[in-house]
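Here is the structure we will look at, set down as structure tokens.
Residue numbers (our numbering), protein chains in the order written: chain A, 91 to 439; chain B, 2 to 299.
Structural data, given as structure tokens:
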């Protein structure tokens, strides 16, 4: 057992590379597999015949290229962002219950979405509805507010941050409830379903830009994964080892909030991915953030792609909100991992 | 610091490259030219739209509907595209439609814009009020070259409504409480199509203007509103007699409300009053039957 743990603490670049490549290969395989699953029977051969002519379009091509593949890519982007951000939040806040929404992203995005609906604005930015844009701004604004409050509460402000996050979440949720009760009911349903997490295929440019932002964010977080290892053991230790704790914390929270906000503006609030995927990877492969970050992101993408495929297939042609599947499958799966690998739960204590 | 600048620079380049090659409108789908003079394969995205299409004689051309499209009965056997609030876009495309009729509501706006982006002809109509229903029928009639049928349909409903209105002039308008949900109590407010139906049936909403569309109300407001008739649309699929018994038991706690004292509590079939559809007049009639029980049928 000891031997096993020692191996994990000494992560060689080679092991890291092998594992990452294996995970990415798994992701690609899963994405290809999932693109063949859907409510309509799409034949790959028919799809390869091209878009067809204006009078006789090729539905197989359209479904595969314009619906399924964009949606699967979207799920991968969102899953990677949430799981990567979740791993960082858990490290910086040194709290196993932390997830990407803990500092108010969820209620901030919800409030933004609600305001977009209530104010009745109608425009699109690169095919994005005002809901998505307002949610993005709301999410980032709220994290900034929480960070500022946390700063005021003290220098080592993890507890202050968490409490500020909880209170701001509760306060904004109350405002959302208030708006819910006065808004037109149909609009409210739209927002509620949007918030429950919704996956829809997106414009190619939106996917491209979001993928770029999330990938850049994850690479940025990887840059600070070594200091994060030290910080997750305690701020005082980190300080004494010459690490600029506050600066690392700021970068970590800012970047992970940014990619979370991108994810939320793409698909609403999808729970559980950011909480359990990092834990699962940590339980199985150990807590080193240099490995935890890339692998959590890739496995988060795998998890959400699979969950979304189930969500759009299982009660076809009705569609389930993907959050239902992430919790229903992710929860039990995580508990099994927890029992199987409980010897490594030391990190959680 | 250098690697951060490098990262940021790569991101900027990435986005610029994406914008150059992928920006909206740049990679388009096949733009369909109207092949046939009028739509022959129509997908309906809401139960009341399905009813309108059938009423215009387009039942044959409807290739798929939402799962809650239960009227006319033969609509229920059409392929389903999921619920109207969480539709399955693959099933919509799989129907190879040349017209998709959607509601102009937030849940469907994104679907509509996605389908339009792929080049599918979409027609979004807004149906919140009786007037909008008439306009929607005409719009759909125009898009499907069924103008005459649309005219006849709208005129028929208007004539029925006017006849009823003439029969009901001179009468006092009973104060109606429209119960949407019993626990907690929620009723229809003024700014709803139910309010319009109540007024067209010769009643008036017992609840005054409220902040909410479907306001939650307390016993105090019900007593103060001096409610003369209580109408509850039944829960779908429920037994009317059983729900009527439950309603009597519930309202028994307010015995001094005129509606309760005079036993004027009605549970009605929700079918025609839950959506604005060509069966509008049947809905109004079923409400009128509660308000004027003595001259039922007249």
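The beta carbon of each residue, even a glycine, is placed where N, CA and C say it ideally should be.
Predicted, not measured: the structure shown is a model, and the values here were computed from it.
Chain A within 9 angstroms of residue i, Cβ atoms only
{"i": "residue 183 of chain B", "result": "no"}
{"i": "residue 249 of chain B", "result": "no"}
{"i": "residue 287 of chain B", "result": "no"}
{"i": "residue 27 of chain B", "result": "Any reading at residue 27 of chain B needs caution, since the residue's pLDDT is 48, under 50, leaving its predicted position unreliable; the model's value is listed next. Closer than 9 angstroms to some Cβ of chain A, the Cβ of residue 27 of chain B qualifies, so yes."}
{"i": "residue 16 of chain B", "result": "yes"}
{"i": "residue 23 of chain B", "result": "yes"}
{"i": "residue 5 of chain B", "result": "yes"}
{"i": "residue 271 of chain B", "result": "no"}
Distance, residue j Cα to residue i Cα
{"i": "residue 297 of chain A", "j": "residue 266 of chain B", "result": "55 angstroms"}
{"i": "residue 197 of chain B", "j": "residue 277 of chain B", "result": "11 angstroms"}
{"i": "residue 232 of chain B", "j": "residue 71 of chain B", "result": "23 angstroms"}
{"i": "residue 171 of chain B", "j": "residue 295 of chain B", "result": "16 angstroms"}
{"i": "residue 395 of chain A", "j": "residue 166 of chain A", "result": "6 angstroms"}
{"i": "residue 228 of chain B", "j": "residue 278 of chain A", "result": "29 angstroms"}
{"i": "residue 205 of chain A", "j": "residue 224 of chain A", "result": "8 angstroms"}
{"i": "residue 240 of chain B", "j": "residue 146 of chain B", "result": "41 angstroms"}
{"i": "residue 31 of chain B", "j": "residue 45 of chain B", "result": "Because residue 31 of chain B carries a pLDDT of 49, less than 50, the predicted location of this residue cannot be relied on, and no value is offered for it."}
{"i": "residue 114 of chain B", "j": "residue 90 of chain B", "result": "12 angstroms"}
{"i": "residue 281 of chain A", "j": "residue 208 of chain A", "result": "10 angstroms"}
{"i": "residue 291 of chain A", "j": "residue 160 of chain A", "result": "5 angstroms"}
{"i": "residue 111 of chain B", "j": "residue 97 of chain B", "result": "19 angstroms"}
{"i": "residue 165 of chain B", "j": "residue 223 of chain B", "result": "28 angstroms"}
Amino acids of chain D, ordered along the chain, whose beta-carbon sits closer than 9 angstroms to that of residue i
{"i": "residue 197 of chain B", "result": "The question asks about chain D, but that chain is absent: this structure's protein chains are A and B."}
Close Cβ partners of residue i (< 8 angstroms) along its chain, the five nearest in sequence each way excluded
{"i": "residue 370 of chain A", "result": "389, 423, 424, 427"}
{"i": "residue 92 of chain B", "result": "65, 80, 81, 82, 83"}
{"i": "residue 109 of chain A", "result": "375, 381, 385"}
{"i": "residue 301 of chain A", "result": "163, 167"}
{"i": "residue 364 of chain A", "result": "172, 173, 175, 176, 179, 189, 190, 191, 350, 390"}
Same chain, Cβ closer than 7 angstroms to residue i, five either side skipped, listed in chain order
{"i": "residue 142 of chain B", "result": "57, 148, 150, 151"}
{"i": "residue 298 of chain B", "result": "Caution is warranted here: a pLDDT of 48 is assigned to residue 298 of chain B, below 50, making its placement in the model unreliable, and the coordinate value is therefore given only provisionally. Nothing listed; no residue qualifies."}
{"i": "residue 75 of chain B", "result": "60"}
{"i": "residue 265 of chain A", "result": "201"}
{"i": "residue 192 of chain B", "result": "214"}
{"i": "residue 231 of chain A", "result": "198"}
Chain B contact for residue i (CB, 9 angstroms cutoff)
{"i": "residue 409 of chain A", "result": "yes"}
{"i": "residue 417 of chain A", "result": "no"}
{"i": "residue 402 of chain A", "result": "yes"}
{"i": "residue 352 of chain A", "result": "no"}
{"i": "residue 303 of chain A", "result": "yes"}
{"i": "residue 149 of chain A", "result": "yes"}
{"i": "residue 298 of chain A", "result": "yes"}
{"i": "residue 105 of chain A", "result": "no"}
{"i": "residue 231 of chain A", "result": "no"}
Per-residue contacts from residue i into chain B (C-beta, under 7 angstroms)
{"i": "residue 129 of chain A", "result": "89, 91, 92"}
{"i": "residue 82 of chain A", "result": "Residue 82 of chain A lies beyond the residue range present for chain A, which begins at 91 and ends at 439; the question has no answer from this structure."}
{"i": "residue 290 of chain A", "result": "111, 115"}
Close-in-space but distant-in-sequence residues of the same chain around residue i (CB under 6 angstroms, 5 per side omitted)
{"i": "residue 211 of chain B", "result": "190"}
{"i": "residue 406 of chain A", "result": "129"}
{"i": "residue 250 of chain A", "result": "240, 243, 244"}
{"i": "residue 128 of chain B", "result": "134, 137, 277"}
{"i": "residue 100 of chain B", "result": "40, 43, 122"}
{"i": "residue 77 of chain B", "result": "71"}
{"i": "residue 158 of chain A", "result": "125, 128"}
Proximal residues of chain A, C-beta to C-beta of residue i below 7 angstroms
{"i": "residue 82 of chain B", "result": "407"}
{"i": "residue 97 of chain B", "result": "149"}
{"i": "residue 20 of chain B", "result": "295"}
Contacts that residue i makes with chain A (C-beta to C-beta distance below 8 angstroms)
{"i": "residue 11 of chain B", "result": "306"}
{"i": "residue 119 of chain B", "result": "152, 156"}
{"i": "residue 100 of chain B", "result": "Within 8 angstroms Cβ-Cβ: nothing; residue 100 of chain B doesn't reach chain A, min ~14 angstroms."}
Contacts of residue i in chain B (Cβ-Cβ under 9 angstroms)
{"i": "residue 336 of chain A", "result": "Chain B residues near residue 336 of chain A: none, gap ~17 angstroms exceeds 9 angstroms."}
{"i": "residue 219 of chain A", "result": "107, 110, 111, 114"}
{"i": "residue 237 of chain A", "result": "Neighbours of residue 237 of chain A on chain B: none; closest Cβ ~19 angstroms, over 9 angstroms."}
{"i": "residue 207 of chain A", "result": "107"}
{"i": "residue 313 of chain A", "result": "4, 5, 8"}
Chain-ordered neighbours of residue i on chain B, where CB pairs are closer than 8 angstroms
{"i": "residue 157 of chain A", "result": "90, 91, 94"}
{"i": "residue 283 of chain A", "result": "86, 87, 108"}
{"i": "residue 310 of chain A", "result": "5, 8"}
Proximal residues of chain A, C-beta to C-beta of residue i below 9 angstroms
{"i": "residue 68 of chain B", "result": "407, 408"}
(message) For the structure I just gave you, are there three or more beta carbon pairs, one from the region 136-153 of chain A and one from the region 328-337 of chain A, closer than 8 angstroms?
(response) Short answer: they don't touch.
(request) Say whether the region 394-407 of chain A touches the region 118-130 of chain A, bearing in mind that this needs 3 or more beta-carbon pairs closer than 8 angstroms, one atom from each stretch. (result) yes
(message) With three or more beta-carbon pairs closer than 8 angstroms as the criterion, would you say the region 186-194 of chain A touches the region 250-258 of chain A?
(response) yes
(request) Decide if the region 125-139 of chain B is in contact with the region 164-181 of chain B; the criterion is three or more beta carbon pairs, one per stretch, under 8 angstroms apart. (result) no
(message) Using a Cβ distance threshold of 8 angstroms, determine whether the region 171-186 of chain A contacts the region 348-359 of chain A, with at least three qualifying pairs required.
(response) yes
(message) Taking 8 angstroms as the cut-off, does the region 3-19 of chain B touch the region 375-390 of chain A (at least 3 CB pairs, one atom from each stretch)?
(response) no
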